[in-house]
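Take the sequence shown: its position 182, counted from the start at 1, is 182 in the UniProt record's numbering, and no numbers get skipped.
Cβ coordinates follow ideal geometry from the N, Cα and C atoms, glycine included.
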Amino acid sequence: MVDLSVEIIIFEILTRASAKVVGCSKSVCKEWYALLSTQDFVRIHCSRSLNSSNQRILNVGELTCSVYPIDIRSCDYGPGTVVDFPFNDISIHSHLDGLLCVCLDSTFELLLWNPVTGAYKNLSTPDFYCFYENSLDAVGLYIDASQDYKVLHIKRRCGVYGAHVYSRRLDSWRNIPFITRPEYIRQSFYWSSGTLCGDTLYFTVSESYMDGVNVVICFDVNLEQFKEISFPPVPCNGIYKGELLNVKNELHMFVSTGYREMSIDLWKLEGEYWIKDFSCPGMITLDEWCSMSHFMTNGNWQLMTKQGKLYEIQVDTKPFECFYHPTCFRLKNGAMFLETIVSPNL
Numbered sequence: 001m002v003d004l005s006v007e008i009i010i011f012e013i014l015t016r017a018s019a020k021v022v023g024c025s026k027s028v029c030k031e032w033y034a035l036l037s038t039q040d041f042v043r044i045h046c047s048r049s050l051n052s053s054n055q056r057i058l059n060v061g062e063l064t065c066s067v068y069p070i071d072i073r074s075c076d077y078g079p080g081t082v083v084d085f086p087f088n089d090i091s092i093h094s095h096l097d098g099l100l101c102v103c104l105d106s107t108f109e110l111l112l113w114n115p116v117t118g119a120y121k122n123l124s125t126p127d128f129y130c131f132y133e134n135s136l137d138a139v140g141l142y143i144d145a146s147q148d149y150k151v152l153h154i155k156r157r158c159g160v161y162g163a164h165v166y167s168r169r170l171d172s173w174r175n176i177p178f179i180t181r182p183e184y185i186r187q188s189f190y191w192s193s194g195t196l197c198g199d200t201l202y203f204t205v206s207e208s209y210m211d212g213v214n215v216v217i218c219f220d221v222n223l224e225q226f227k228e229i230s231f232p233p234v235p236c237n238g239i240y241k242g243e244l245l246n247v248k249n250e251l252h253m254f255v256s257t258g259y260r261e262m263s264i265d266l267w268k269l270e271g272e273y274w275i276k277d278f279s280c281p282g283m284i285t286l287d288e289w290c291s292m293s294h295f296m297t298n299g300n301w302q303l304m305t306k307q308g309k310l311y312e313i314q315v316d317t318k319p320f321e322c323f324y325h326p327t328c329f330r331l332k333n334g335a336m337f338l339e340t341i342v343s344p345n346l
């Protein structure tokens, strides 16, 4: 039996330790394993892990999977570490608190996976819940007011919408009402993965990257209701694409437009209206844009390609302290994620 005062000290120290240190500490004894496996410990450890030093880049190759830190001073990739990769081929669609929602490309099954602990949970069921079509479906990970991790899966099949919610606590799926414009069912519309901001999941819905309708669908994760808002008022000039991200619990969108050269603006949602924060100076070539990702750290806006840093823009009025990012890198399957001990299972 661990003395209560010692247990409190262990709790306070290890909730501030890295996910890998916590994993190793579980093997000390049965009492430590039980303490470090409680939901209170996992929740507090996760809340204390929300800082830039625990952000990692996951790059998925054909047979291997590597994790890279980011050097905060240089804002470039650090040396990578190969991690256990229990799958053959995956696509990454959403992430939250160290959990990734991925699709097995060979079987179309959805899974929750923590790359740090290696634990994963297959969400698909024999009655065909949670089989994912890359060109038709959309998913978003969220946590509701009861602290239950959930997955929203929007399906388009044979001209019909379906919306399904998975609960980690209940380990089950259920249908929810989903009413939206009939034209969004068409295959000509592309749905992004969900971006969680506050109590809402946001999806971009775009008819075409060159022309057509562009809207944002909002899902209130507690009321389980949907509504629609507009895109930022940017004139379409050739390619037109919006990418959502959460910056300190405020919804932002990178809007790119152009043809052979791209301009990029950052917009912030205030109420139901978009306000432009700032623009990337100059133009970016289409080749660079096609392999580019964005994040914020230490007051700077970083634009990265798969080769490394492309631009660094000083944003003195924006005291960003963490990384904020899209789900996937273009041309290279991967994601930025937090190193946590959050489990896909309860």
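Neighbourhood of residue i by C-beta, 7 Å cutoff - its chain only, sequence neighbours within 5 removed
i: threonine 200; result: Cys218, Phe219, Asp220, Val221
i: serine 124; result: Glu109, Leu110, Cys130, Phe131
i: valine 342; result: Val42, Cys46, Asp97, Gly98, Leu99, Asn114
i: isoleucine 90; result: Val60, Val102, Cys103, Leu104, Asp105
i: glutamate 7; result: Leu35
i: leucine 346; result: Arg168, Arg169
i: proline 69; result: Arg56, Gly78
Integer-rounded CB distance, given that residue j should sit under 8 Å from residue i
i: phenylalanine 203; j: valine 213; result: Actually they do not touch by this definition, with Cβ atoms about 14 Å apart.
i: leucine 96; j: tyrosine 142; result: 7 Å
i: methionine 253; j: proline 232; result: 6 Å
i: leucine 251; j: leucine 269; result: 4 Å
i: proline 344; j: lysine 121; result: 4 Å
i: asparagine 134; j: serine 106; result: Rounded, the Cβ-Cβ distance is 12 Å, inconsistent with contact.
i: cysteine 197; j: asparagine 249; result: 6 Å
i: lysine 241; j: serine 256; result: 5 Å
Secondary structure of residue i, DSSP reduced to three states
i: arginine 169; result: coil
i: alanine 17; result: coil
i: proline 182; result: helix
i: alanine 335; result: strand
i: tyrosine 149; result: strand
i: aspartate 287; result: helix
i: phenylalanine 108; result: coil
i: isoleucine 176; result: coil
i: serine 124; result: coil
i: alanine 163; result: strand
i: alanine 138; result: strand
i: glutamine 55; result: strand
i: aspartate 220; result: strand
i: isoleucine 341; result: coil
i: leucine 346; result: coil
i: glycine 23; result: helix
i: tyrosine 132; result: coil
i: arginine 43; result: helix
i: tyrosine 33; result: helix
Cβ shell of residue i (< 8 Å), same chain only, five flanking positions each side left out
i: isoleucine 9; result: none
i: lysine 150; result: Leu141, Tyr142, Ile143, Asp144, Val165, Tyr166, Ser167, Arg168, Val221
i: valine 28; result: none
i: serine 94; result: Leu100, Cys101, Val139, Gly140, Leu141, Val151, Ser193, Gly194, Thr327
i: valine 160; result: Ile185
i: glutamate 228; result: Thr180, Arg181, Val215, Val216, Ile217, Cys218
i: methionine 283; result: Gly258, Glu261, Met262, Ser263
i: asparagine 54; result: Ser18, Ala19, Leu338, Glu339, Thr340
i: threonine 285; result: Arg260, Glu261, Met262
i: serine 188; result: Glu207, Ser208, Gly212
The ligand SAH heavy atom lying under 7 Å from the CB of residue i
i: lysine 150; result: Looking for the ligand SAH in the displayed structure turns up nothing, as the structure carries no ligands at all.
Cut-off 6 Å between Cβ atoms - residues of its own chain near residue i, not counting five sequence neighbours on either side
i: tyrosine 190; result: Ser206
i: glutamate 321; result: Model confidence at glutamate 321 stands at a pLDDT of 41, short of 50, so the residue's coordinates are unreliable; what they give is reported in the following sentence. Within the same chain, glutamate 321 has no close Cβ partners at all.
i: residue 347; result: With the chain represented from 1 up to 346, any question about residue 347 goes unanswered, as that position is not in the structure.
i: isoleucine 44; result: Thr15
i: alanine 163; result: Ile154, Ile176, Phe178
i: arginine 48; result: Thr15, Arg16
i: glutamate 12; result: none
Residues that residue i bridges to, as DSSP identifies them
i: phenylalanine 254; result: Leu266
i: arginine 48; result: For arginine 48, which the question treats as bridged, DSSP gives no partner whatsoever.
i: asparagine 246; result: Leu251
i: isoleucine 143; result: Tyr149
i: lysine 81; result: For clarity, residue 81 is threonine in the given sequence; the question names lysine instead. Note: threonine 81 sits in a beta bridge opposite Val67.
i: serine 230; result: Val215
i: threonine 38; result: In DSSP, threonine 38 forms no bridge with anything.
i: phenylalanine 203; result: Ile217
i: glutamine 225; result: Asp220
i: threonine 117; result: DSSP lists no partner for threonine 117.
i: cysteine 103; result: Ser91, Leu110
i: lysine 276; result: Trp267
i: valine 60; result: Cys65
i: tyrosine 190; result: Ser206
i: tyrosine 240; result: Thr257
Please confirm if the region 75-95 is in contact with the region 16-34, defined as three or more CB-CB distances below 8 Å between the two stretches. no
Check whether the region 34-44 touches the region 55-65, taking contact to mean three or more Cβ pairs, one atom from each stretch, closer than 8 Å. no
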